Amino acid sequence: MLAIYVGLWCFEGAVRKWVPGTGTVMYVFRDAVLMITFVSLLWAGHWRARRTGWFWALALVAAVMTALQVIGGSLSLGAATAGVRSYLAPLMLLAFLLAFPPRRPVFVVTVVVAIALMANLPLVIVQVLSAPDSVVNQEIGGEAAYFVNPGEVVRPSGTFSAPIGLVGLAGLGAALGLAGTESKVIPRWVAIACVVAAVTLTALSGARTAVILVMVVVAAFVWMLIRRGSFSSLLGLAAMAALIAATIWIAGTLFPGVIDSFSDRVELASQAEETDARILGGILGYAEGPLTLFGAGAGAGSSAAFLALGSTVVIETESQKWVYELGVVGFLLATARLVVVAGVLTYILVGAGKAPAHVVTVGALFSATLLIGGVTQQPSTQGVFAIMLILLATRWMHPTSAPDTSAVMPIAHGVTRWRTRSPARSWSVR
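To convert a position in the sequence shown, counted from 1, into the numbering used here, add 13.
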């Protein structure tokens, strides 16, 4: 199930864009498959209330609150449904995998993400070199690309329905690729290929958020190697720095027009809104807005509801959207987010020398995403947030004796044959 979920996250956007008539179906397909599987297993008697009760309690509370607002006429049923899904979808995957733990979740996610990186790299190159109205750049419904940088250079979306999905893939690919060079979850050459692909996608993405996220991941990786302090770690640090620098130089040499367009967009965006002010607003801006007891309702301020369901209000800053939609509960969530980020960063600063490599890099990405990115705005952001939760929760997953179908993909079998003969530590393959 884990491989299916990650695969759908990576490729459902391509189906929505290039297969006519699938836009609405694929919009809910990934979470619908997970929900049907979850309920079916529970209905069949595989109930584990100790591990899933918290999720169903949250779902019940959310359903009751939303129903009251729909009945009161303050929120449409469509927007409310999309809103509840945006908050519960990532938690549903976590609850499912805590109840039915997969074998080697880090390996499974890394393999699927590596495949997605290799598929997106040539596609993104073609997209940034093609006209906005070309087939490769068409949006859902056959429309021309509407995210365009100066010089008519498209902000690529790859196999996702929007550029924000590619931002998540680049960040996650960098985190898992860098971790893979140390943890031996995958062969080192595959990990290096992931890093090169992720850095190249970031350079071509045209998104400031992608650059910031990858920089945070790289900084956490550097800190981990410094804390480990061995000669091999320091040698690996020098090699990785050279690799990243070479990748950026090659991207700039091969695609100067794309990089210049990206630079122009950053300059224009900085003139309209300073980057540091945007970051600070994303972190603490929620405390300045109006606060109501119950809020406008889940989904009332989402961009997804605006685009697909006709909502009249769009709030791009994640924490401000929570406060607007959920009122006091949203304010508490936004504040708890800061506490969680502080805890994760403290763990990285103190324990990076001994912590699992993927926990350090994904933890850094998780923290940066909570502060400046989005986790509930769109299905793509909900998906990457759910995947990060799973990667950070692997220590609490205890695989059952039953075979795990998510880890028996043919390509995963091929990667298994590439693994080194020396056994990896137990945490590296959990």
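Heads up, the beta-carbon is just placed ideally off N, CA and C, and yes, glycines get one too.
It should be emphasised that the depicted structure is a prediction, and the values quoted were computed from it without experimental measurement.
What do you get for S439, buried or exposed, if any count of 16 or more other CB atoms within 10 angstroms of its CB means buried?
Here residue 439 refers to the residue found at position 426 when the sequence shown is read from its first residue. Note that S439 scores 36 on pLDDT, short of 50, meaning its location in the model is unreliable; the coordinates nonetheless yield the value given after this. Exposed: under 16 other Cβ atoms inside 10 Å.
Please say whether L104 and F51 have beta carbons closer to each other than 7 Å? Locating residue 51 in the sequence shown gives position 38, where the first residue counts as 1. Locating residue 104 in the sequence shown gives position 91, where the first residue counts as 1. No.
task: Report yes or no: do the stretch 34–47 and the stretch 292–302 share at least 3 C-beta pairs separated by less than 8 Å?
output: Contact check between the stretch 34–47 and the stretch 292–302: fewer than three CB pairs, one atom from each, fall below 8 Å, which does not count as touching.
In terms of DSSP beta bridges, what is N162 paired with?
In the sequence shown, counting from the first residue as 1, residue 162 sits at position 149. Per DSSP, V166.
field: Proximity below 7 Å, CB of L130 to CB of G85
entry: Taking the sequence shown and counting its residues from 1, the one referred to as residue 130 is at position 117. Taking the sequence shown and counting its residues from 1, the one referred to as residue 85 is at position 72. Cβ atoms of L130 and G85: not closer than 7 Å.
*Three or more beta-carbon pairs under 8 Å between the stretch 228–245 and the stretch 372–388, yes or no?*
yes
Practice item. State buried or exposed for L81, treating a residue as buried only when at least 16 other CB atoms are found within 10 Å of its CB. Key: Reading the sequence shown from its first residue, position 68 is the one you call residue 81. It counts as exposed.
Runs of alpha helix (DSSP H) lying entirely within the stretch 33–85, each at least 4 residues, in chain order:
36–56 and 62–84
*F244: buried (16+ other C-beta within 10 angstroms of its C-beta) or exposed?*
Here residue 244 refers to the residue found at position 231 of the sequence shown. With fewer than 16 Cβ atoms within 10 Å of its Cβ, F244 is classed as exposed.
Quick one: which unbroken beta strand (DSSP E) runs of 3-plus residues sit fully inside the stretch 247–291? Chain order, please.
none
For my contact list, G171 and N133 are in at a C-beta cut-off of 8 Å; report their separation, rounded to the angstrom.
-> Sequence index remark: in the sequence shown, residue 171 carries index 158 (1-based). Sequence index remark: in the sequence shown, residue 133 carries index 120 (1-based). So it is a contact: roughly 4 Å between Cβ atoms.
| query | Within this structure, are the beta carbons of V209 and T260 separated by less than 7 Å? | reply | If you number the sequence shown from 1, residue 209 lands on position 196. If you number the sequence shown from 1, residue 260 lands on position 247. Closer than 7 Å, so yes.
Problem - Pair within 7 Å by beta-carbon distance, G26 and F160 - result: Taking the sequence shown and counting its residues from 1, one reaches residue 26 at position 13. Taking the sequence shown and counting its residues from 1, one reaches residue 160 at position 147. No; because the gap between Cβ atoms is not below 7 Å, this pair is not in contact.
For E338 versus G308, is the C-beta spacing smaller than 7 Å? Here residue 338 corresponds to residue number 325 of the sequence shown, with the count starting at 1. Here residue 308 corresponds to residue number 295 of the sequence shown, with the count starting at 1. Against a cut-off of 7 Å, the Cβ pair of G308 and E338 comes out as a contact.
Item to complete: Quick one: residues in its chain with C-beta nearer than 8 Å to the C-beta of P163, no 5 flanking neighbours on either side, listed in chain order?
Response: Taking the first residue of the sequence shown as 1, we reach residue 163 at position 150. Excluding residues within five positions, the ones whose Cβ falls inside 8 Å are S274, D277, R278 and L281.
In angstroms, rounded to a whole number, what distance separates the CA positions of A204 and L247?
In the sequence shown, the residue the question calls residue 204 occupies position 191. In the sequence shown, the residue the question calls residue 247 occupies position 234. Cα to Cα, A204 sits roughly 18 Å from L247.
- So, is R408 buried or exposed, given that buried needs 16 or more other C-beta atoms within 10 angstroms? Indexing the sequence shown from 1 puts residue 408 at position 395. Flag for R408 reads exposed.
Review point. Taking Cβ positions, are G184 and L217 nearer each other than 7 Å?
Key: Counting from 1 along the sequence shown, the entry for residue 184 is found at position 171. Counting from 1 along the sequence shown, the entry for residue 217 is found at position 204. No.
Notebook entry, point to check: So the alpha helix (DSSP H) I385 belongs to, where does it begin and stop?
Noted result: Counted from its first residue, the sequence shown places residue 385 at position 372. Its alpha helix (DSSP H) spans residues A370 to I385.
Practice problem: Run the CB neighbour count on W22, radius 10 Å, all protein chains shown included, and call it buried at 16 or more, exposed below. | Solution: Stepping through the sequence shown from its first residue, residue 22 is reached at position 9. Classification of W22: buried, given that the 10 Å Cβ count is 16 or more.
Which whole-angstrom value is the C-beta distance of A93 and V83, which I expect to be below 8 Å?
Here residue 93 corresponds to residue number 80 of the sequence shown, with the count starting at 1. Here residue 83 corresponds to residue number 70 of the sequence shown, with the count starting at 1. Between V83 and A93 the Cβ distance is about 5 Å, and since that is below 8 Å, they are a contact.
Buried/exposed call for K197, threshold 16 Cβ in 10 Å:
Position 184 of the sequence shown, counted from the first residue, corresponds to residue 197. It counts as buried.
- prompt: Which full runs of the alpha helix (DSSP H) of 4+ residues lie inside the stretch 292–362, going along the chain?
  reply: Counting only runs of at least 4 residues, the stretch 292–362 fully encloses the following alpha helix (DSSP H) elements, listed from N- to C-terminal order: 316–322 and 331–339.
Between which residues of its own chain and G295 is the CB-CB distance below 6 Å, once the five residues before and five after are set aside?
By 1-based counting over the sequence shown, the position of residue 295 is 282. Same-chain partners within the cutoff: T330 and I385.
When I17, L402, V97 and A255 are compared against V353, the one with the closest alpha-carbon: Reading the sequence shown from its first residue, position 340 is the one you call residue 353. Residue L402 is the option with its Cα nearest to V353.
| field | Contact test: A80 Cβ vs the ligand GTP heavy atom, cutoff 6 Å | value | No copy of the ligand GTP occurs in the structure displayed, which carries no ligand at all.
Exercise. Would you give the residue range spanned by the alpha helix (DSSP H) that S9 belongs to?
Key: The chain is shown from 14 up to 443; residue 9 falls before or after that span and cannot be answered.
| field | Simplified DSSP assignment, three categories, for T94 | value | Here residue 94 is taken as the residue at index 81 of the sequence shown, counted from 1. Note: T94 maps to helix in three-state DSSP.
Check: If we call anything under 7 Å between Cβ atoms a contact, is S393 one with I128?
Finding: Position 380 of the sequence shown, counted from the first residue, corresponds to residue 393. Position 115 of the sequence shown, counted from the first residue, corresponds to residue 128. Contact: no.
Query raised in the report: Quick one: is G165 buried, meaning 16 or more other Cβ sit within 10 Å of its Cβ, or exposed?
Result: Position 152 of the sequence shown, counting from 1, holds the residue named residue 165. In the sequence under discussion, the amino acid at residue 165 is Glu, which differs from the Gly named in the question. Counting Cβ neighbours within 10 Å, E165 comes out exposed, since fewer than 16 surround it.
Span separating the alpha-carbon of L306 from that of G193: Taking the first residue of the sequence shown as position 1, residue 306 is located at position 293. Taking the first residue of the sequence shown as position 1, residue 193 is located at position 180. Straight-line Cα distance between these residues: approximately 46 Å.
| Should K367 go down as buried or exposed, given a rule of 16 or more other Cβ atoms within 10 Å for buried? | Taking the first residue of the sequence shown as 1, we reach residue 367 at position 354. Exposed, since its Cβ has fewer than 16 Cβ neighbours within 10 Å.
### Query
What is the C-beta distance between A95 and G312, in whole angstroms, given that I count them as a contact (C-beta under 8 Å)?
Stepping through the sequence shown from its first residue, residue 95 is reached at position 82. Stepping through the sequence shown from its first residue, residue 312 is reached at position 299. About 5 Å separates the two Cβ atoms, so the contact holds.
(message) Can you tell me whether D44 is buried or exposed? The criterion is at least 16 other CB atoms within 10 Å of its CB, across all chains shown.
(response) Locating residue 44 in the sequence shown gives position 31, where the first residue counts as 1. It is buried - the Cβ of D44 has at least 16 other Cβ atoms within 10 Å.
Per-residue DSSP class, three states only, for A157
Here residue 157 refers to the residue found at position 144 when the sequence shown is read from its first residue. DSSP places A157 in coil when its eight states are reduced to three.
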